[in-house]
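Residue numbers (the numbering used here): 215 to 321.
Let me begin by presenting the structure, written as structure tokens, before commenting on it.
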Amino acid sequence: MSLDDLTAEVTDSYSDIGDDLTVSLDRETRNELALLETALEPEETDELVRRAIHMLFQSTVDTGKLDFQLRSAYDVTYDEYLSGMTFEEMTGADQYPSMDDERRYQF
215 MSLDDLTAEV TDSYSDIGDD LTVSLDRETR NELALLETAL EPEETDELVR
265 RAIHMLFQST VDTGKLDFQL RSAYDVTYDE YLSGMTFEEM TGADQYPSMD
315 DERRYQF
């Protein structure tokens with residue numbers, strides 16, 4: 215897989231999620247959400263879900279888990295995804311032909 219594959223799949227997922235997302239909650243999650251809603255008093259319960267997604271995303275980025283998953287599946291990192299270029303493209307390393315060790319120092 216590549217950076218282009220990752221970008222296409224993220225775009226597809228974004229479209230699939232849509233504006234309304236219904237999530238079924240188990241008993242434990244519902245209890246935790248109710249406690250958080252009572253304690254934090256957000257305007258809407260949706261706000262707590264948005265915060266939770268942001269926190270999960272940030273912790274996944276901070277711990278390197280996102281880079282690990284992206285490197286395993288797509289051979290790119292989060293930084294490469296954000297820039298739209300692989301490290302080799304950024305540094306120009308993919309522009310040069312590979313060195314021939316036998317002829318390396320011949321003039």
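Here a beta-carbon is modelled for each residue, glycine too, at the ideal position from N, C-alpha and C.
Residue i - containing alpha helix (DSSP H), residue span
i, result
"E251", "241-254"
"E258", "Looking at the DSSP string, E258 is not in any alpha helix (DSSP H), and its letter there is neither H nor E."
"S297", "292-297"
"V224", "217-231"
"L331", "There is no way to answer for residue 331, as the model of the chain reaches only from 215 to 321."
"T305", "301-305"
Same chain only: Cβ atoms within 7 Å of residue i, ignoring 5 sequence neighbours per side
i, result
"V275", "Y292"
"A287", "M215"
"D219", "Y288"
"E242", "none"
"T300", "L217, V290, E294"
Cβ neighbours of residue i in the same chain (closer than 8 Å, five flanking residues each side left out)
i, result
"L262", "L247, L250, E251, L254, P256"
"E223", "none"
"T236", "none"
"T221", "Y295, G298"
Heavy atom of the ligand SAH within 6 Å of residue i beta-carbon
i, result
"E258", "Ligands are entirely absent from the displayed structure, and the ligand SAH is therefore not among its contents."
Exposure label - residue i; buried when at least 16 CB within 10 Å
i, result
"L270", "exposed"
"L284", "buried"
"L239", "exposed"
Own chain, CB closer than 6 Å to residue i, minus 5 neighbours either side, in chain order
i, result
"H268", "none"
Problem set entry | Contact between the segment 217-230 and the segment 248-266 (3+ Cβ pairs under 8 Å) | As far as the Cβ criterion goes, the segment 217-230 does not touch the segment 248-266, which means the pair count is below three.
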